[in-house]
Each structure stands twice: as structure tokens, then as C-alpha cells.
Amino acid sequence: MNNKYNHKKIEKKWQEIWAKTKLYQVDLHKSENPFYNLMMFPYPSGEYLHLGHGYSYSGADVYGRFMRLSGKNVFEPIGYDSFGLPAENYAIKAGVHPKVSIAKNIEIAREQLKSFGCMFDFEKEVVTSDPSYYKWTQWVFLKLYEHGLAYQKESPVNWCPNCKTVLANEQVINGKCERCETEVIQKKLNQWFFKITDYAEKLLKGLDDIDWPESSKIKQKNWIGKSTGVEFEMEIDGNREKLGVFTTRIDTVYGMTYVVIAPEHPLVEKITTDKQKKEIEKYQRNTQKLAEIERQSTEKEKTGVFTGAYAINPFNNKKIPIWVADYVIYSYGTGAVMAVPAHDERDFEFAKKYDLPIKESIIPKVIDKHDPPKDGAETIFRHAIQVILINPKNNKVLCLKWKKFPWTTFITGGVEGDEDTIAASKRETIEETGYIDIEYVKTLGGPVESHFYANHKGVNRKALFTALVFHLKSEKKEKISEEEAEIHELAWVTWDELHKDNNVKCAEYDIWLDRYFNQEHAFAEKGVLTDSDKYTGLTSEEAINKIAEWLEEKGIGGTKTTYRLRDWSFSRQRYWGAPIPIIYCDKCGAIPVPEEDLPVELPEIKDFRPAGLGEGPLASAPDFVNTKCPKCGGSAKRETDTMDTFVDSSFYFMRYPNVGDDTQMMNKKITQKWLPVDMYVGGAEHVTMHLLYARFVTKAFYDIGLIGFDEPFIRLRHQGMILGPDGKKMSKSKGNIVIPDEVMKKVGADAFRTYILFMGQFEDGGPWNPNGIAGISRFLEKIWRLFDREIIDSDTEIEVDRLLNKAIKKVGQDIADFKFNTAISSLMILVNGLSEAKKIDKRVLGILAILLSPFAPHLAEEVWEKLGNTDSVHNQTWPRYDKKLIEDEMGIIAVQINGKVRDQILVVKGTKENDILKLAKDSEKIKKYLQNTDIIKVIYIPDKLLSLVTK
RNA sequence: GCCCGGGUGGCGGAAUUGGUAUACGCGACGGACUUAAAAUCCGUUGAUGGCAACAUCUUGCGGGUUCGAGUCCCGCCUCGGGCACCA
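Residue numbers (our numbering): 76 to 1026.
Okay, structure coming up:
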């Protein structure tokens, strides 16, 4: 065969034709059925676009092409996120101005993007570092500022001493700078913030109505971190100040033995006694040196200092000490907590270290799984004990095996009269086992409230169990009563045997085991209140409500919701970003730059390196800094901070359809028609930053009245991560980077796209395996040959038509579900079938070209042309399938005997159960199994399986 | 520690509501064509036993529910990702 498939020639040919005919440019004003297919724009920081980009864009483009064939007008724009730290750091390293390096990098990226064969509309490109774009970044700032959503605040920020800049919390990884891995320190600076916290609730609620991966919704939910609890005030002994605390476990308040406040808390100075002053100040200085993230490390041992002051617990009017400790975060809640060491692990650790009292106020509550309380039965309450009797010689435990019930228990009984638990234990041991020579060892913590239905007595029991450990001193025994002997027999077992015993009928068992074997720790779960005044006996849930009510009545507190989300700090003391359009005038204060003066252009300065004095490099450009006040006309100075890159990307999707219109950021009609984005594809690493910020800006714009939608991305899908061939993350240092261009040079864009999507599930990603790609090249060549042979323009065999219709259905469904790998597999099955067929007509081949076109757009276009078509395959309509033709006439029924497949019979679809049963009984293979048995049950799943149960 | 995902042949991976596990591809082995190779085509390929028909086992491990479990329930092991003193 001399006519070989030449991907280089064909792909180049069609890319040129498509560009010339503007095939992928939609008329944004006119077109009906708009579909906005967006993918996260690349960050051209210096290197080539990597395989991950190729992966993401291939999948997103296949989807977009499918939507186009399904009758939508698909707008698929692309651009460059070109401002920000990485681009600037790259420029510094390369020794060129970022403006120069970014221009070069964009050119490289654009060529790469073109070679992917996506439906990009390159006329609608955005470049975020271009004044024509960042004019709108500044405009977005002005809009948010106008509506009180941007503000300045002196605040401690994460400061990287190496990059000499402020970092967002998200850019600090384990206390180190994301980029250069220098230890991050804390520094107080006047910073710009967006009030994203105002939108915490709306951002949370909005998640319910959008089609995003569940895991991403959960990530955002956790990031926002809503928690409902109670806030209340405490008086301070001998001081007019009051101390507010926030807790989600107000039910544990009677276990509060001290209070902790954060070192930065303004109250610290006011309440610290003279005696403690020196020590407290020293402690404050020390913590200030540590970066917030490092301070928050759980590995660090807790430290703290007593202030000398006492708070008064409003519930019992007791005086409790106030400590300062850095395990309390100032910016969350009230910056102070009530410490309940008995029921909080952190407080427990702290109390142990500083020898503070630990008071229990919650006891565990267990409900027996096997015999839960029955409705209607009488409930009897009692104090009870369980004896864990151990023979120290062999470390075996004594168990009772019940005769009438399949139960294994410890020695159990009620506490009678005024006897104590030890006396009760000894008495029960003698009564139930006869052992008289036993020695008390210890009590396993406090009681546990156990609810169960006592089968042997026919009543519900609510028992306060205490477990006591005894040792057997000798085998000395008394005879036990006959009634007792009838109930159970004794068994000495190892802990291991006991653990494996499925009949252990003791819901408290796990608690005893934990207390016996593990270190003492706080009981942090919910339970029943004890030693809590009028709330004693209530469950945690009940108590939380009652106590909140009481606080409200008293006017010292009430229910309160807090969020972990912090305001978005977006000012950067760096050069390569959009200048914040604010002017400081001595007379008028901070004045926003009027809209008509935008953009505030980034001046071309020689030394763009960060200065490191808490000011950005722009501060040393007098031509930029010195200006006139827009209000009074007097001399004034410009803000020299620039904006975080995430501001640039928080609205770019709104700008794309309006690119070219320099008079407004958004054209109302176009925006209404094209937004919100119908499908957004990109990495999951952007969930808590970019995606959250974009949602915030959208919601703010909606409230301001600029747009008519409040969620930017209706549907979102993530691509998985493509790893190096060694299964590790690709990185320069590991030398395992694969550049998509190299692959495409060898096999072409069509094979690259198809292969990378065939490797596995789109959401999963995985290691790049260069070996398998040969299979895809073979597959495409097979298709090429299919069009090369003589096409008989006549009827197609019915079997081929079946195959074709099945493929139409499956490929379409799978693409819609982002299951590209199985869609390709279905195409392969179809192509294999067509290769074997004796006759194929033009119609079938035409449909094949359309089905193939999302994956291999160039090849599909070429073979489409070969069939004699003059229009583009990409302007066709996705074929419909014939329902009658997707079902096979014959079906194989599996015949199971007792759950095992013993035979398969071929029948016409729709054959009745009785007929199939007859056929099965006649089968030689089945007969063998039916000898000397009776069929007791027949299960028939139509057209699939017949299951016979025999006896 | 907490929250999400995963674990299926030699490898990448398929498997509607529980209903014939291993589709599709890679690799490997055998064969055809060829002087030879490449390309292509045909066949075999989960494991064990058996000449074979066939049987037994098999979806990380251990239990359970069911006529029937990769799929559901309970308890573990393990890998990846996210959060991490948030009271």
C-alpha cells in the first residue's frame, strides 16, 4: 500500500484551512444555541506547556467538538495568565525584563496551542499582563472598592525574606515559601483585602446548585469551614474587662478548668498582673517571631504562660485561671477559648503539661447494637459494675458464656444499697463465679451510660456502668448457687480470643479496651452530661440547646456561626502585576483612580527586583508615584502595591467574549447570551483559590447588579495529573519531563489526543507510558486504510449496521460523561468490525468520520473529504441511532446452579422464562447438576440469566 | 489526627440498578506473507491441575448479607490527594 497515512502533511493542511476559513470562530452577537466551553488558561512562566496542558485541553476540546456536532455554537477561547510571581522570578533568573520574556513565552505557547488541533478562537485571546486587559483588572478592583468589598488593614502577613514579598496563605507550604522554599516569617504591613468572608454563606449555599465534582465541593466547604457554636462572655475577677469565648461544645462547660487567650489578643495587656508581666511579654515576643503556619504545626509541643488573672465561669461562679498560649488562634472565633481538658485533646495535653485540673463533665453513652432498647418496654435505671478479672499468671480474662443466649460478657451486676463499686464487684464475683481470693487493681475511668434491652428480664435498661479491674490471687473458690450455675459457664480466655469473639455482648467493650490498653486521653465525643448542675443527665445535643437559651436569657451570649475562611489579601509588593488604582492625597485621603483614567499603566522601570522594605519596586519610580489628586488636584502619591494574579484570573471568563471592546468590560447582550460558562475544565489544585475567588467576584458582581448570574461555572470537570514514565510527578530535577511537542512530532496531534485520553479515566490521570501509543497509531492507520479500499455504494450488512448504531450511542454517551477512554474503545470495536465487513457503503464511512472527528479532527476531515464531501466534517450533526438496531436479535443466557454458572444457552431475545427453563433442563451440562436434587427456587433476569437453587 | 479518592491479568485499564469479571489497547508467544526485515494479517494469552472434556481458585486482607458480591454492610491493611492546634 503506497498511500500511507501522513499525519504531518494532513494536520498541517487542515490547520491552515481551518484558520483561513475561520471555522472555529462563532459570531458572538448572532449565533443561536450558545455553548461556552472554557478551559483554564495556561501560565506561560517560561517553560513549554507540558503534557498536563495537552491532556486537559484534549479532553475539553473533544467535549466541545461533541457539543458543536450536537447543534451548539461553541465558543472555545484561550489566553495567557501572564502576570505574577513565577513569571517575574523567571525573568529575574533569565536576566531579562518580564515584559520581554513573557512576550517570547506567549509566542511559544501559542504555537504549541495551535498544534494541539483544538477549536480555539485565537482572535479572542486575553493576555493578563497587557494594559488592554489589566485596565479591567483595575476596574474590577474599583467596583469592589466602591461597594465596600476592598479595604486596607494593618495586619500580620506571611513574608518571604527571599522573594521579599507577602505571600497568600495558599502560597505557604509547611511554613515555607511555595516558590523558593525559604522559611516564611510574620510581618505587619498595611495590606489590601477583599471581603470574601462576607460571602462565606453564599459561597457555601451556591455549591448546591452547580454541577461540580463532589470532592471539589467538599474541599471548598472545608475551606470555608462553617461551624456553629456558642459565644459567651466571662467576667474577669477584679477587672472591668470582659472576655468572650467561642465554643462548639458548650455542653462541656462544667468541665472548664481554665481559659486560654491568644498572645496577640489586646486583652492580654489589660489583664496581666504586674507579677506576670515580664514573663508574658517575653512569651509574646517569642511567638511573634514564629510564622503563623509554623506556630500551628501540631508537632510542636504546646507552650503557654499564666497571666495572673482569673475569669469567672458564669455557670458556677468559680474562679479559673487565664493563660496565654499560642495554640489559640487570634483570628478565629474570639481569639480565646474555654479550656476543657477532660473533653478536648489539646486542652488535655496542655493541662497535663502545666498541671492544671482536669474535670470530667461528659460520660460516654452507648446503645447496644444487638439489643437496642425496645419501644414500649419499661426502662429501669441502675448503677452497675463490670468486673474485668485477670489471672496475672497467664494474663487471661474471665468471661461468662451464657447458656440461653449467644452472649459473652464480663462479670456484671448492680450496685446495691450504699455499697461502693469495689464492694459490689467483690460480691458479684463471688455470686457469679465463686472466686473469693481477688485483689482490686484499678477502676477504668468514669462510668459509661449504656442503653439496651435486657432480653433475659424483658425490660429496657439504662445502666451507669463502671468497669473495675481485679487480679486473681489464687484459685480459691466457693460453691455457687445452682441458679447461677444454670445461667452461664466460666471461660478463661486471652485478650486476643476475646477480641475475635463475635458474641461479646457488651457495647462498652471498646471503651474498656481503650481505657485498659491505651494512654489516658480526653473523651472528646458527645455523650451524657454529668456533674453539670441542672443539666446533668441530658445528652450533649439537648444540653447545647438548653445552655444556649440560658445564655441568651442572661444576656451574656448565644448561638454563633464562625467560618475559617479569611479575607483575601491581594496586595503584593512586587513589580509584575496590575497596579492598584488608588491615589493617596494628604488632604482627601485614599482616592480611587477615576474609571476614565484607567489603566494605571505599569511603568517600564529598569530595576524591577523587589526592594524588600515592605514597599514594592514601584515605590522607587518617582514618575509613577507622584501624581495629582483626582479630587482636589493637589499633589498626591500612587499606591505602589500591585495585585495578586488571582485577581486577574477571577474574571477573565467574563472578558473573553468581550475582547476587542475597549469601551466596556462587558457588553450586556453578549454577556447575557454567553455567560455563565457552560463547561469548565481544569486542575483540581485550583479549587480553594482560583475557583473560589472567581465565584466570589461573580457573586459580588451579581449583587452590585453588573451581571445576571451568580455562579460563574455551571459544570466543572477536572483532569487528573499526568505523571512521568517513572510514575512520579514530572519535574526538571527528576529529568522525567515529557513535552507534548515531541510526541506530536512523532505521531501527530490526532494520535496524541486520542492516546492520552485512551490511557485511563480523564479524572484519574496516571503515568505517561510511551509504549502504548503505537496501538493508537495502528488504529488511526486502520481507519485510513478503510477509506482506501473500494467502497461499494450499496446496502450494508445488518450486523455492520448494528455495530454502527451501538457505537453512535455509546460514543456519544461516553463523551457527554467525560468517559473518553471507553468512547475510544467503542470506536475501536466499530473499526475492527468494519475492517472485517465485506461491504461498507458511503453512509457508514461518513458516520464513522463524524464519530471520529472529536478525537482525531484532522484525520476525520481528510477522510471526509475523500468521500467527496466539500463542507467540513466539523459542521456536520452527530448522527442519531436507530433503537431497533442497538439490540442484538440473539442473546446468551447464563444458567446458574446455586450461584455458579454451569451453562450458557443461546436464545432469541425476549424468550419466556418457562421456555428457557425447559431448555436449561434439557442441557446435558445442567442435567448433571440436577440429578438427585430438587429445584427449590428459580430466579430469572430477562435476557440475562437463569439461576436455579437446588437442595 | 480529620476529610476525600483509589487498590481488578505481565502492563494501561473495562464492567447500568448486585446478574456470565478481565471489554478495548499494550506487551508476550506461535503462525502466514517475505530472500530477509519492517508493515500487515491469523491464532493463543488470569492462575493451578489435566492429553482432554473439565474442575478448582481469582477483583488488597478478614468477616457478613444474598440464589448470586469487583459492586452492599462491618472490621483491617495499603497507596494517592486535601486540610491541619479552627475550640
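Virtual Cβ for every residue (Gly too), placed ideally from N, Cα, C.
Quick one: give me the first and last residue of the alpha helix (DSSP H) that residue i is part of.
i: E339; result: Looking at the DSSP string, E339 is not in any alpha helix (DSSP H), and its letter there is neither H nor E.
i: W587; result: Y584 to F592
i: A178; result: P173 to S190
i: Y208; result: P206 to E221
i: D825; result: A824 to F833
i: A386; result: Counting along the chain, A386 falls outside any alpha helix (DSSP H), though it belongs to the beta strand (DSSP E) covering G379 to N388.
i: M903; result: F895 to E911
i: I961; result: Element bounds for I961: n/a, residue is neither H nor E.
i: R770; result: H765 to I779
Can you have a look at residue i and say buried or exposed, based on whether 16 or more other CB atoms are within 10 angstroms of its CB?
i: T952; result: exposed
i: E583; result: buried
i: M76; result: A caution first: M76 carries a pLDDT of 37, below 50, which makes its placement in the model unreliable, though a value can still be read off. Counting Cβ neighbours within 10 Å, M76 comes out exposed, since fewer than 16 surround it.
i: E86; result: buried
i: R536; result: buried
i: Y165; result: buried
i: A618; result: buried
i: L981; result: exposed
i: M965; result: exposed
i: Y731; result: buried
i: T541; result: buried
i: T945; result: exposed
i: A169; result: exposed
i: Q979; result: exposed
i: H793; result: buried
Taking the CB atoms as reference points, tell me whether residue i and residue j lie closer together than 8 Å.
i: F390; j: I631; result: no
i: V756; j: P787; result: no
i: K270; j: D716; result: no
i: D785; j: K774; result: yes
i: V523; j: I442; result: no
i: S204; j: G330; result: no
i: E559; j: I511; result: no
i: F216; j: I655; result: yes
i: P341; j: T362; result: no
i: F485; j: V516; result: no
i: I814; j: H125; result: yes
i: H933; j: A824; result: yes
Return the first residue and the last residue of the beta strand (DSSP E) that residue i is part of.
i: H458; result: T454 to N466
i: E310; result: S302 to I311
i: P109; result: P109 to M114
i: H546; result: V534 to L547
i: P842; result: G840 to P842
i: F862; result: Here F862 belongs to no beta strand (DSSP E), and DSSP marks it neither H nor E.
What number of angstroms, rounded off, separates the C-alpha of residue i from the C-alpha of residue j?
i: I505; j: W477; result: 17 Å
i: Q594; j: L588; result: 11 Å
i: K428; j: S291; result: 39 Å
i: V772; j: N844; result: 40 Å
i: W214; j: L673; result: 8 Å
i: E676; j: R647; result: 16 Å
i: E760; j: R770; result: 16 Å
i: S176; j: I167; result: 10 Å
i: Q371; j: K263; result: Note that Q371 has pLDDT 48, beneath the 50 cutoff, so the model's placement of it is unreliable and no number is given.
i: E367; j: Q266; result: Because the pLDDT of E367 is 47, which lies under 50, any placement of that residue in the model is unreliable, and the number read from its coordinates should be weighed accordingly. Spanning the two alpha carbons is a distance of roughly 17 Å.
i: N148; j: P109; result: 5 Å
i: K375; j: E424; result: 12 Å
i: T327; j: L604; result: 8 Å
i: D401; j: R360; result: 12 Å
i: D1009; j: S1022; result: 14 Å
Based on DSSP bridge pairs, tell me the residues matched to residue i.
i: N265; result: E229
i: Y1015; result: L1021
i: W477; result: H563
i: F321; result: E306
i: L920; result: In DSSP, L920 forms no bridge with anything.
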